[in-house]
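S.K.: So the sequence shown is numbered by this note's numbering: it starts at 3 and just counts up by one.
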Amino acid sequence: MCTESKLIHTELEISEADATGAIGKDGCGKEVNGPVPDDHSRLLENMPSQFNDVYHLMPDFAPTAIKLPALRNILCRHNIVYNGKETKADLVNLFNKYIKPKAAAILAAIEAVERPEEDIVDVR
């Protein structure tokens, strides 16, 4: 399971009295100070490289077809917070809510990355 230090808090429960986001709770129940993170502004924060396995970003990927540990791994790689007590259906819902909408943009960003020729040094 993910460690809290590697996670970015994607779901916050913020009281109505504190609309500025001064105090809230993350998905692990830990209090968070500061503004609520805007997931849309960090669309590609944890973008995988071309060498990472990105099968889960393909349009025909079905999260219900993989085992629970693999689904948890995918959620952790995308910094999706969960408490570890969710069922597979809950984790599939998190996948469909947070990863699937960004999948096409992440794949497009990976394809757009070009290797700069001037930084490549032949050391033969």
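Glycine residues also receive a C-beta, built at the ideal position from the N, C-alpha and C atoms. Because the structure is a prediction, the values reported are computed rather than measured.
In whole angstroms, what is the alpha-carbon distance linking residue 89 and residue 82?
M.R.: Roughly 15 Å between the two C-alpha positions.
S.K.: Over the uninterrupted alpha helix (DSSP H) stretch that includes residue 62, give me the two end residues.
M.R.: Unbroken run through residue 62: none, as it is neither H nor E.
S.K.: Kindly indicate the opening and closing residues of the alpha helix (DSSP H) around residue 113.
M.R.: Unbroken alpha helix (DSSP H) run through residue 113: 105 to 114.
S.K.: With H, G and I counted as helix, E and B as strand and the rest as coil, what does DSSP make of residue 122?
M.R.: Coil at residue 122, not helix or strand.
S.K.: Tell me the rounded alpha-carbon separation between residue 68 and residue 79.
M.R.: Approximately 16 Å between the Cα atoms of the pair.
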